[in-house]
Amino acid sequence: QVHLVESGGGLVQAGGSLRLSCAASGSISSLIRMAWYRQPAGKQRELVATVTSGGRTDYADSVKGRFTISRDNNKDTVYLQMNSLRPEDTAVYYCNTAIPGNFYSWGQGTQVTVSS
């Protein structure tokens, strides 16, 4: 069973950057499309970015041009580089597969707080 551990969050001022990591305790299938999600306090979880096994990426409009998702299949790790952060990016960030109904167990997430 795969367990996901997200890290790299923190408190940052608007305009700053953070790099999130998602490490799997088991082996992430190199064939599976992976994603980052976020959940602002009191709101539903939303999809932020996805990356295919071949490295093709897709982004929510709200983060396009500011966030970059990547993966290292050898390390079973997925990354999210976040630049030009805004207060509205404040949320708990999670990684998982990009396939509803085929999720791994959800991790604890990592809190990102952007101050204005």
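Residue numbers (the working numbering): 959 to 1074. Yeah, the Cβ is synthetic: ideal placement off N, Cα and C, and Gly gets one too. Small disclaimer: the values here were computed from a predicted structure and weren't measured.
Cutoff 6 Å; reference residue i; Cβ partners in own chain excluding five residues on either side
i: serine 1011; result: Ser988, Leu989
Span separating the alpha-carbon of residue i from that of residue j
i: leucine 976; j: proline 998; result: 17 Å
i: alanine 1056; j: threonine 1071; result: 24 Å
i: methionine 1040; j: phenylalanine 1025; result: 4 Å
i: leucine 1038; j: leucine 978; result: 5 Å
i: valine 924; j: glutamine 971; result: This structure leaves residue 924 out entirely; the chain is present only between 959 and 1074.
i: serine 983; j: tyrosine 1062; result: 11 Å
Assigned exposure category for residue i - 16 Cβ within 10 Å defines buried
i: threonine 1008; result: buried
i: asparagine 1060; result: exposed
i: leucine 969; result: exposed
i: glycine 1013; result: exposed
i: asparagine 1076; result: For residue 1076 there is no data in the structure shown, the boundaries of the chain being 959 and 1074.
i: aspartate 1047; result: buried
i: glycine 1023; result: exposed
Residue interval of the beta strand (DSSP E) (run including residue i)
i: glutamine 1069; result: 1068-1073
i: asparagine 1054; result: 1049-1055
i: leucine 969; result: 968-971
Same chain, Cβ closer than 7 Å to residue i, neighbours up to 5 away in sequence not counted
i: glycine 1067; result: Glu964, Val1050, Tyr1051, Tyr1052
i: glycine 966; result: Leu976, Arg977, Leu978, Ser979, Thr1068
Residues near residue i in its chain [Cβ-Cβ closer than 8 Å; skip 5 each side]
i: proline 1045; result: Ala972, Val1072, Ser1073, Ser1074
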